[in-house]
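Novice: What the sequence shown shows, in UniProt numbering, is residues 1 to 298, in sequence order. Ideal placement from N, C-alpha and C gives every residue a C-beta, glycine not left out.
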Amino acid sequence: MNYTFHLFFCLVMINSFAFQKTNDQDLYTVQSEWQKRIKEFPEITIVKAKDKVENVTEKEIVYQMINGIETKMDMYQFQSEENKPAVILIHGGGWKYGDKKLVKPLAQQIAKAGYQCFAVAYRKSGEAIYPAGVNDVLNAVQFIREHSNMLKVDTLNIAILGCSSGGQMAALLGTKYSDRFKAIVDIDGVLAFHHPESKEGAMAAEWLGGTYEKVPEVWEEASALNYISEAKLPMLFINSQYERFHAGRDEMIEQLNKKKIYSEIVTVKDSPHTFWLFHPWFDEIIPRILNFLNNQLN
Numbered sequence: 001m002n003y004t005f006h007l008f009f010c011l012v013m014i015n016s017f018a019f020q021k022t023n024d025q026d027l028y029t030v031q032s033e034w035q036k037r038i039k040e041f042p043e044i045t046i047v048k049a050k051d052k053v054e055n056v057t058e059k060e061i062v063y064q065m066i067n068g069i070e071t072k073m074d075m076y077q078f079q080s081e082e083n084k085p086a087v088i089l090i091h092g093g094g095w096k097y098g099d100k101k102l103v104k105p106l107a108q109q110i111a112k113a114g115y116q117c118f119a120v121a122y123r124k125s126g127e128a129i130y131p132a133g134v135n136d137v138l139n140a141v142q143f144i145r146e147h148s149n150m151l152k153v154d155t156l157n158i159a160i161l162g163c164s165s166g167g168q169m170a171a172l173l174g175t176k177y178s179d180r181f182k183a184i185v186d187i188d189g190v191l192a193f194h195h196p197e198s199k200e201g202a203m204a205a206e207w208l209g210g211t212y213e214k215v216p217e218v219w220e221e222a223s224a225l226n227y228i229s230e231a232k233l234p235m236l237f238i239n240s241q242y243e244r245f246h247a248g249r250d251e252m253i254e255q256l257n258k259k260k261i262y263s264e265i266v267t268v269k270d271s272p273h274t275f276w277l278f279h280p281w282f283d284e285i286i287p288r289i290l291n292f293l294n295n296q297l298n
């Protein structure tokens, strides 16, 4: 009887853990965001990915193996005989949730315009703390460079784009490793974790391995603003009405202006933080992104 009870208890605990893990993974989805925002913004509709986009082939690529586990990226390949400019896309989710499919509609629209797009999966805070996820994206970029002819990528014209926490990562990577990219698109991602405008707390602490009081050097190291002297890439900032999501932006632009480097701000008024997931704002930002990329990469 004791053995039967013990076995039953173990099975319940295993199932409970699996259920919790699944729930954690589902905490940041387009549907969950829509449910949060629909009361305040009743006119919004979810941006849905296309089943097929003309002249674009979609494929999943393994770009690295870590302890026997594959890390993948989705490629949206514009059909061309020539190597084309590329855009690396990093999804959001508070460095803890979400997946690469969140940026699929963005990737499809950008690829349709003649770019090779790569939506990169990376290790989040529940799997490994900073800088693991950042290093994953760098490894994906290195993979793309090494296989550029097969992937039809012009390695001299690679932009990096991210949304929310992905925007923070894109700004950091593009500023700190500016020799590997040509332009940065930061969609409502902070440039400074410890800043008067910033309200980063538990989610950032989980990703960075501790609170600011415990590991201030890591919080500073992960902030793009602290590489301001190295900033030399054109930047497009697409921001919501909430100041906390562009902490450090104005200081970065001031430095870019001194160096006569192009920057642009697009403010999406009267919108939720996650505006890129919904109509009507998705339709508003796509032309601005493409215009910026066309000017900076071609």
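Only counting the same chain, and skipping five residues up and downstream in sequence, which positions put a Cβ closer than 6 Å to that of LEU27?
Specialist: Numbered from 1 along the sequence shown, position 27 holds the residue referred to as residue 27. Here the set comprises TYR97.
Novice: Who does LYS84 pair with in a DSSP beta bridge?
Specialist: Against the sequence shown, residue 84 aligns to sequence position 84. Looking at the DSSP assignment, LYS84 forms a beta bridge with VAL153.
Novice: Whole angstroms is fine: what's the gap from ASP188's alpha carbon to SER240's?
Specialist: Mapped onto the sequence shown, residue 188 falls at position 188. Mapped onto the sequence shown, residue 240 falls at position 240. Roughly 6 Å separates the two Cα atoms.
Novice: So, at 8 Å on beta carbons, what are the nonlocal neighbours of VAL215 in its own chain, with the 5 sequence-adjacent residues on each side left out?
Specialist: Numbered from 1 along the sequence shown, position 215 holds the residue referred to as residue 215. Hits under 8 Å: LEU208 and GLY209.
Novice: So is THR175 buried or exposed if we call it buried at 16+ other beta carbons inside 10 Å?
Specialist: If you number the sequence shown from 1, residue 175 lands on position 175. THR175 is buried by the Cβ-count criterion.
Novice: To which residues does DSSP link LYS96 through a beta bridge?
Specialist: In the sequence shown, counting from the first residue as 1, residue 96 sits at position 96. Looking at the DSSP assignment, LYS96 forms no beta bridge with any residue, so it has no partner.
Novice: Considering only C-alpha positions, which residue in the set GLN142, ASN139, ILE144 and LYS59 is nearest to LYS104?
Specialist: Here residue 104 corresponds to residue number 104 of the sequence shown, with the count starting at 1. For LYS104, the nearest C-alpha among the options comes from LYS59.
Novice: Helix, strand or coil, according to DSSP, for HIS195 in the structure here?
Specialist: In the sequence shown, residue 195 corresponds to position 195, counting from 1. HIS195: coil per DSSP, three-state reduction.
Novice: Between the Cα of GLU251 and those of THR45, ALA192, LEU293 and ALA86, spot the shortest distance and give me the residue it belongs to.
Specialist: Taking the sequence shown and counting its residues from 1, one reaches residue 251 at position 251. Cα-wise, what sits closest to GLU251 is ALA192.
Novice: Sorted by chain position, which residues of the same chain lie with C-beta nearer than 7 Å to TRP276's C-beta, five sequence neighbours on each side aside?
Specialist: Along the sequence shown, read from residue 1 onward, the residue named residue 276 stands at position 276. Cβ neighbours of TRP276 beyond the five flanking positions: LEU106, CYS163, ILE187, PHE282 and ILE285.
Novice: Determine the DSSP secondary structure at VAL268, reduced to helix, strand or coil.
Specialist: On the sequence shown, position 268 is the one that residue 268 refers to. In this structure, VAL268 counts as coil in the three-state DSSP scheme.
Novice: Check GLN255 in the structure and name its three-state DSSP category.
Specialist: Here residue 255 refers to the residue found at position 255 of the sequence shown. Here GLN255 sits in helix by DSSP.
Novice: Counting only the same chain and skipping the five closest in sequence on each side, list residues whose C-beta sits under 8 Å from that of VAL62.
Specialist: Looking up residue 62 in the sequence shown gives position 62. Same-chain partners within the cutoff: GLU70, THR71 and LYS72.
Novice: Can you say whether HIS202 is buried or exposed, counting buried as having 16 or more other CB atoms within 10 angstroms of its CB?
Specialist: The sequence position of residue 202 within the sequence shown is 202, counting from 1. The sequence given here has Ala at residue 202, not His. Exposed, by the Cβ-count rule.
Novice: Determine the direct distance from the alpha carbon of GLU213 to that of GLN77, and round the result to whole angstroms.
Specialist: By one-based count along the sequence shown, residue 77 stands at place 77. By one-based count along the sequence shown, residue 213 stands at place 213. Between GLN77 and GLU213, the C-alpha separation is close to 44 Å.
Novice: If distances are taken between C-alpha atoms only, which option among MET75, ILE66, ARG37 and GLU127 comes closest to TRP95?
Specialist: Taking the first residue of the sequence shown as 1, we reach residue 95 at position 95. Ranking the options by Cα distance to TRP95, first place goes to GLU127.
Novice: Could you check how far apart the C-beta atoms of LEU256 and ALA231 are, in whole angstroms? I think they sit under 8 Å.
Specialist: Here the question's residue 256 lines up with position 256 in the sequence shown. Here the question's residue 231 lines up with position 231 in the sequence shown. 6 Å between Cβ atoms; contact.
Novice: Please confirm whether VAL185 and ALA247 have their CB atoms less than 7 Å apart.
Specialist: By one-based count along the sequence shown, residue 185 stands at place 185. By one-based count along the sequence shown, residue 247 stands at place 247. It is not a contact, given that the beta carbons lie outside the stated cut-off.
Novice: If I follow the unbroken alpha helix (DSSP H) through GLN33, where does it start and stop?
Specialist: Along the sequence shown, read from residue 1 onward, the residue named residue 33 stands at position 33. According to the sequence provided, residue 33 is Glu. The question's Gln does not apply to it. That run of the alpha helix (DSSP H) goes 30 to 37.
Novice: Compare the Cα-Cα distances from MET65 to each of ALA121, HIS195 and LEU156 and report the closest residue.
Specialist: Taking the sequence shown and counting its residues from 1, the one referred to as residue 65 is at position 65. When each option's Cα is compared against that of MET65, the closest is ALA121.
Novice: What does the alpha-carbon distance come out to for the pair ILE289 and LEU236?
Specialist: One-based indexing of the sequence shown puts residue 289 at position 289. One-based indexing of the sequence shown puts residue 236 at position 236. So the two alpha carbons sit approximately 8 Å from each other.
Novice: Return yes when the Cβ of VAL153 is within less than 7 Å of the Cβ of GLN109, no when it is not.
Specialist: Translated into the one-based positions of the sequence shown, residue 109 becomes position 109. Translated into the one-based positions of the sequence shown, residue 153 becomes position 153. Contact flag unset, no.
Novice: Short check: CB of ALA119 to CB of ASP74, under 7 Å?
Specialist: As a working note, residue 119 is residue 119 in the sequence shown. As a working note, residue 74 is residue 74 in the sequence shown. Cβ atoms of ALA119 and ASP74: closer than 7 Å.
Novice: Looking only at C-alpha atoms, which of SER80, THR45 and GLY68 sits nearest to ASN55?
Specialist: Taking the sequence shown and counting its residues from 1, one reaches residue 55 at position 55. Answer by Cα proximity: SER80.
Novice: Buried or exposed: MET169, going by 16 or more other Cβ atoms within 10 Å of its Cβ?
Specialist: Start at 1 with the first residue of the sequence shown, and residue 169 comes out as number 169. It is buried - the Cβ of MET169 has at least 16 other Cβ atoms within 10 Å.
Novice: When the distance is taken between beta carbons, is LEU297 closer than 7 Å to ASN157?
Specialist: Locating residue 157 in the sequence shown gives position 157, counting from the first residue. Locating residue 297 in the sequence shown gives position 297, counting from the first residue. Yes, the Cβ-Cβ distance between ASN157 and LEU297 is below 7 Å.
Novice: Only counting runs of 4 or more residues, tell me where the alpha helix (DSSP H) segments fall wholly within the region 157 to 233, in order along the chain.
Specialist: Entirely contained in the region 157 to 233, the alpha helix (DSSP H) runs reaching 4 residues are, in chain order, 165 to 176, 202 to 208 and 216 to 221.
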